[in-house]
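Numbering (this note's numbering), first residue to last: 10 to 476. We put the beta carbon where it would ideally sit given N, CA and C, even for glycine.
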């Protein structure tokens with residue numbers, strides 16, 4: 010049974026101004042996701058000014074690696090020092106990194122600045138997810154986390170639109186400078202309005218060796234996914250070495266966590282049947298989220314002759330249904346406490362959405378595609394944040410931060426792996442079909458998401474029945 014271990018609070022934590030604190034946390038969350046997507050559209054302009062085409066892909070990759078590798082650590086740091094000071098510090102790091110990104114003169118400098126920015130961004134989805142669960146009573150947790158799903162959807166699809174508009178109007182450097190006022194606003198709101206008691210169980214030294222081991226394993230896995238099948242063959246020494254390194258580092262991490270006085274990720278969490286299911290299901294969800302959506306704008310441009318901005322707007326059926334379902338389902342689940350039917354339904358609808366998209370043809374009318382995008386939005390909207398809430402409700406208060414950090418970080422890992430693996434599939438399909446037209450093979454690429462989604466359905470059926 011998924012235990013409701015966190016007692017509902019009668020009201021907001023003493024001293025907190027909940028609406029302002031919520032706004033500050035959501036702005037930070039928006040910045041972290043937005044900067045994953047906003048830069049991609051500006052890469053041609055960046056390459057034209059800075060050169061360094063060999064390093065240009067690392068402008069995106071370095072940020073994602075740094076953010077994913079540090080996400081798990083921030084939960085434990087905030088247990089020790091408090092949510093507000095850690096969140097404010099992380100946003101400040103992100104803002105400083107944004108300033109550095111806008112002032113660079115070479116591509117390697119931009120990669121370094123993006124790495125610094127990503128270190129700050131590692132906290133900006135994890136900590137709001139934790140803090141919002143502590144600001145509101147447990148019965149509202151699903152509804153509030155539904156709003157974070159809305160932020161995620163807006164940033165994922167709106168990032169390229171915003172990046173294109175800013176680059177065209179003011180130049181690519183302003184996609185970084187625009188973070189400064191938003192970041193300062195998030196800092197000001199959180200510093201003024203966020204008041205949470207220091208969590209229990211946060212004493213003792215932070216498990217830095219554990220953090221280094223899991224960060225090393227994460228980076229090695231992401232590099233293997235990024236390079237495998239494209240830069241290096243999957244059977245090459247480089248890829249096999251990276252995968253072997255992942256296995257060794259994970260084994261050392263488990264050994265370390267068994268002995269650490271204050272482990273980064275307490276192994277007792279894996280004794281809970283809910284956490285054991287949610288973590289792999291969330292990894293698969295992350296891969297499907299990024300892998301299915303990253304190439305749909307390319308399909309819209311290639312098959313319907315849309316411009317970049319028009320293609321972004323054409324994804325609105327997905328965005329609007331994701332937002333609506335995430336909010337409405339969160340409210341209904343919070344009232345009933347019955348997660349499992351919604352999660353199984355969401356996973357099954359995701360399978361249906363991918364089946365429909367994999368059958369697209371050059372003659373498919375856009376209105377049909379719009380309906381299929383809406384189906385996918387419904388599926389993802391039912392899943393994205395409710396998996397987080399299920400895991401949060403399964404653990405004790407002292408393990409809330411570690412559990413939330415793990416789930417959010419695993420989803421980020423899935424997002425990154427999904428982008429890389431779907432890119433590899435795209436390259437393979439282009440070669441197999443002897444074409445250079447990416448739009449022509451994207452439905453075949455999306456087909457490979459179906460077995461992943463079916464596996465996700467099977468995992469979610471293993472969740473305990475009651476919450």
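Bridge-paired residues (DSSP) for residue i
{"i": "residue 241", "result": "237"}
Cβ neighbours of residue i in the same chain (closer than 6 Å, five flanking residues each side left out)
{"i": "residue 381", "result": "365 and 366"}
{"i": "residue 29", "result": "198 and 202"}
{"i": "residue 248", "result": "233, 237 and 241"}
{"i": "residue 124", "result": "71 and 75"}
{"i": "residue 338", "result": "351 and 391"}
{"i": "residue 310", "result": "320"}
Contact set for residue i: own chain, Cβ-Cβ below 8 Å, skip 5 residues either direction
{"i": "residue 357", "result": "388 and 466"}
{"i": "residue 205", "result": "22, 25, 91, 92, 93, 140, 143 and 144"}
{"i": "residue 278", "result": "284, 404, 408, 411, 412 and 415"}
{"i": "residue 214", "result": "270 and 271"}
{"i": "residue 444", "result": "450"}
{"i": "residue 318", "result": "170, 173 and 174"}
CB-CB length for residue i against residue j, believed under 8 Å
{"i": "residue 170", "j": "residue 33", "result": "The Cβ separation is near 24 Å, so there is no contact."}
{"i": "residue 191", "j": "residue 55", "result": "21 Å between Cβ atoms; not a contact."}
{"i": "residue 324", "j": "residue 293", "result": "Not quite, the Cβ-Cβ distance comes to about 22 Å (not below 8 Å), so this is no contact."}
{"i": "residue 415", "j": "residue 288", "result": "7 Å"}
{"i": "residue 162", "j": "residue 331", "result": "4 Å"}
{"i": "residue 336", "j": "residue 455", "result": "With 8 Å as the limit, residue 336 and residue 455 do not qualify as a contact, their Cβ atoms being about 26 Å apart."}
{"i": "residue 246", "j": "residue 393", "result": "The pair is not a contact, with the Cβ atoms about 38 Å apart (cut-off 8 Å)."}
{"i": "residue 104", "j": "residue 189", "result": "6 Å"}
{"i": "residue 39", "j": "residue 160", "result": "5 Å"}
{"i": "residue 423", "j": "residue 295", "result": "2 Å"}
{"i": "residue 239", "j": "residue 433", "result": "6 Å"}
Residue i burial status per 10 Å Cβ neighbour count (16 or more: buried)
{"i": "residue 219", "result": "buried"}
{"i": "residue 441", "result": "exposed"}
{"i": "residue 471", "result": "exposed"}
{"i": "residue 11", "result": "Since pLDDT at residue 11 reaches only 39, below the 50 mark, its modelled position is unreliable, and the value read off the structure follows with that caveat. Buried, by the Cβ-count rule."}
{"i": "residue 452", "result": "buried"}
{"i": "residue 264", "result": "exposed"}
{"i": "residue 420", "result": "buried"}
{"i": "residue 446", "result": "exposed"}
{"i": "residue 276", "result": "exposed"}
{"i": "residue 244", "result": "exposed"}
{"i": "residue 234", "result": "buried"}
{"i": "residue 17", "result": "Below a pLDDT of 50, predicted positions are generally treated as unreliable, and residue 17, at 42, falls in that range; the measurement from the model is reported next regardless. It counts as exposed."}
{"i": "residue 176", "result": "buried"}
{"i": "residue 377", "result": "exposed"}
{"i": "residue 372", "result": "exposed"}
{"i": "residue 368", "result": "exposed"}
{"i": "residue 316", "result": "exposed"}
{"i": "residue 320", "result": "buried"}
{"i": "residue 370", "result": "exposed"}
Cβ pair residue i, residue j closer than 8 Å
{"i": "residue 435", "j": "residue 231", "result": "no"}
{"i": "residue 185", "j": "residue 66", "result": "no"}
{"i": "residue 399", "j": "residue 413", "result": "no"}
{"i": "residue 327", "j": "residue 391", "result": "no"}
{"i": "residue 49", "j": "residue 95", "result": "no"}
{"i": "residue 273", "j": "residue 266", "result": "yes"}
{"i": "residue 102", "j": "residue 129", "result": "yes"}
{"i": "residue 168", "j": "residue 43", "result": "yes"}
{"i": "residue 83", "j": "residue 135", "result": "yes"}
{"i": "residue 307", "j": "residue 448", "result": "yes"}
{"i": "residue 401", "j": "residue 89", "result": "no"}
{"i": "residue 438", "j": "residue 450", "result": "yes"}
{"i": "residue 174", "j": "residue 100", "result": "no"}
{"i": "residue 299", "j": "residue 77", "result": "no"}
{"i": "residue 97", "j": "residue 200", "result": "yes"}
{"i": "residue 459", "j": "residue 360", "result": "yes"}
{"i": "residue 59", "j": "residue 115", "result": "yes"}
Cβ shell of residue i (< 7 Å), same chain only, five flanking positions each side left out
{"i": "residue 474", "result": "349"}
{"i": "residue 261", "result": "222"}
{"i": "residue 52", "result": "65 and 68"}
{"i": "residue 313", "result": "375"}
{"i": "residue 225", "result": "258"}
{"i": "residue 269", "result": "216 and 219"}
{"i": "residue 290", "result": "396, 465, 468 and 469"}
{"i": "residue 182", "result": "111"}
{"i": "residue 379", "result": "326"}
{"i": "residue 86", "result": "95 and 215"}
{"i": "residue 297", "result": "359, 427, 458, 461 and 462"}
{"i": "residue 153", "result": "141 and 145"}
beta-carbon residue i near the ligand COA non-hydrogen atom, thresh 7 Å
{"i": "residue 89", "result": "Of the ligands one can find in the structure shown there are none, so the ligand COA has no counterpart to examine."}
Residue i at chain D interface by Cβ criterion, 8 Å
{"i": "residue 203", "result": "Reference to chain D is not applicable here, since this structure consists of a single protein chain."}
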